[in-house]
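Student: Just so we're aligned: the sequence shown equals residues 41 to 251 in this note's numbering.
Here a beta-carbon is modelled for each residue, glycine too, at the ideal position from N, C-alpha and C.
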Amino acid sequence: MKRLMKAVFAAVCMMSFSSFAQGAGHTFASVCEKLAEHPNMTGNFTQIKTISAVNRSLKSSGTFIFSLDGIMWKTEKPFPSTLAVGMTSVIQTMANGKQTVIDASSNQIFTSISTTLSAVFGGDSAKIAENFNVSFSSAGSTWKAVLTPKDSMVAKILSSIQIGGSVSSSFADLNQIVMTEATNDTITYNFTDQKYPKELTDAEKAYFIAK
Numbered sequence: 041m042k043r044l045m046k047a048v049f050a051a052v053c054m055m056s057f058s059s060f061a062q063g064a065g066h067t068f069a070s071v072c073e074k075l076a077e078h079p080n081m082t083g084n085f086t087q088i089k090t091i092s093a094v095n096r097s098l099k100s101s102g103t104f105i106f107s108l109d110g111i112m113w114k115t116e117k118p119f120p121s122t123l124a125v126g127m128t129s130v131i132q133t134m135a136n137g138k139q140t141v142i143d144a145s146s147n148q149i150f151t152s153i154s155t156t157l158s159a160v161f162g163g164d165s166a167k168i169a170e171n172f173n174v175s176f177s178s179a180g181s182t183w184k185a186v187l188t189p190k191d192s193m194v195a196k197i198l199s200s201i202q203i204g205g206s207v208s209s210s211f212a213d214l215n216q217i218v219m220t221e222a223t224n225d226t227i228t229y230n231f232t233d234q235k236y237p238k239e240l241t242d243a244e245k246a247y248f249i250a251k
């Protein structure tokens, strides 16, 4: 996946501030407080995957959902498909409606993601600290946090997850996720047209339910 997610901020903000930088009047605590006000986030995404070995980039785009139910990526270009990552399973749906359901516990990365999401929404910041080293910085109207996995098995696949966005005196946004794999390949998600509904629609919730 990874694809991980806006939700990490709310949990890690309670960790020790001694390792976090501050800037332009914004603290990590204030950014987290603003982000935690959004129970759900939807919008458009552009994904760019770089393959360092062949110096190639692959681009796709579509819509996304970050919620209490998990994360959903609905790719529209170049080929339609939907991937929903929940707490216990990963559901991939192709354009013809065919679904593939994977038990998240059988994949170390998916397990790490679902555990992190569960800890975030459960307010278990200690669990986040057990699984990741976190570095935060802020400058002007922008902020950035880098998460590096402590688990050696996860680290063999995923080197880091960088999350960042914009912040003002009254609002914070998530604009980007960059996942760096152990091979130095990267997956970058840029987000636009973000919305923050209090509840998902029935159609949006259905993405996380296997048929």
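Report the rounded CA-to-CA distance for Thr-140 versus Lys-190, giving the unit in angstroms.
Tutor: Indexing the sequence shown from 1 puts residue 140 at position 100. Indexing the sequence shown from 1 puts residue 190 at position 150. If you take the alpha carbons of Thr-140 and Lys-190, they lie about 30 Å apart.
Student: Taking the beta strand (DSSP E) that Val-186 belongs to, which residues open and close that run?
Tutor: Position 146 of the sequence shown, counted from the start, is the residue given in the question as residue 186. Looking at the DSSP string, the run of the beta strand (DSSP E) that includes Val-186 is 182-189.
Student: Can you check which of these residues, Thr-122, Asn-136, Phe-248 and Lys-245, is closest to Ser-101 by C-alpha distance?
Tutor: On the sequence shown, residue 101 is found 61 positions in, with the first residue counted as 1. Here the closest residue by C-alpha is Thr-122.
Student: Would you mind sorting Phe-231 into buried or exposed? The rule is 16 or more other CB atoms within 10 Å of its CB.
Tutor: Against the sequence shown, residue 231 aligns to sequence position 191. Classification for Phe-231: buried.
Student: Going by Cα to Cα distance, which pick from Gln-87, Ser-178, Ile-197 and Phe-119 is closest to Ser-208?
Tutor: The residue given as residue 208 occupies position 168 in the sequence shown. Ser-208 has its Cα closest to that of Ser-178, out of Gln-87, Ser-178, Ile-197 and Phe-119.
Student: Three or more C-beta pairs closer than 8 Å, one from the region 70-86 and one from the region 187-202: is that the case here?
Tutor: no
Student: Leaving out the 5 sequence neighbours to the left and right, which residues in its chain are closer than 6 Å to Gln-87 when beta-carbon positions are compared?
Tutor: For the purposes of this step, residue 87 is taken as the residue at position 47 of the sequence shown. If we look at Gln-87 and ignore the five residues flanking it on each side, its Cβ neighbours are Ser-100 and Tyr-229.
Student: Rounded C-beta distance between Gly-204 and Ala-222? I'm assuming under 8 Å.
Tutor: Stepping through the sequence shown from its first residue, residue 204 is reached at position 164. Stepping through the sequence shown from its first residue, residue 222 is reached at position 182. Under the criterion of beta carbons closer than 8 Å, Gly-204 and Ala-222 do not qualify as touching, at roughly 21 Å.
Student: Short of 7 Å in beta carbon distance, which residues of its chain neighbour Lys-196, apart from the five on each side in sequence? Order them along the chain.
Tutor: The residue labelled residue 196 in the question sits at position 156 within the sequence shown. Cβ neighbours of Lys-196 beyond the five flanking positions: Ala-222.
Student: Apart from the five residues on each side of it in sequence, which residues of its chain come closer than 8 Å, Cβ to Cβ, to Lys-238?
Tutor: Here residue 238 is taken as the residue at index 198 of the sequence shown, counted from 1. For Lys-238, where only same-chain residues beyond five positions count, the Cβ hits under 8 Å are Pro-79 and Asn-80.
Student: Between Gln-252 and the rest of its own chain, which residues show a CB-CB distance below 6 Å, the 5 nearest in sequence each way excluded?
Tutor: As displayed, the chain neither begins before 41 nor continues past 251, which places residue 252 out of reach and without an answer.
Student: Using CA atoms only, rank isn't needed, just tell me which of Ala-250, Ile-217 and Ser-181 is closest to Ser-210.
Tutor: One-based indexing of the sequence shown puts residue 210 at position 170. Out of Ala-250, Ile-217 and Ser-181, Ser-181 has the C-alpha closest to the C-alpha of Ser-210.
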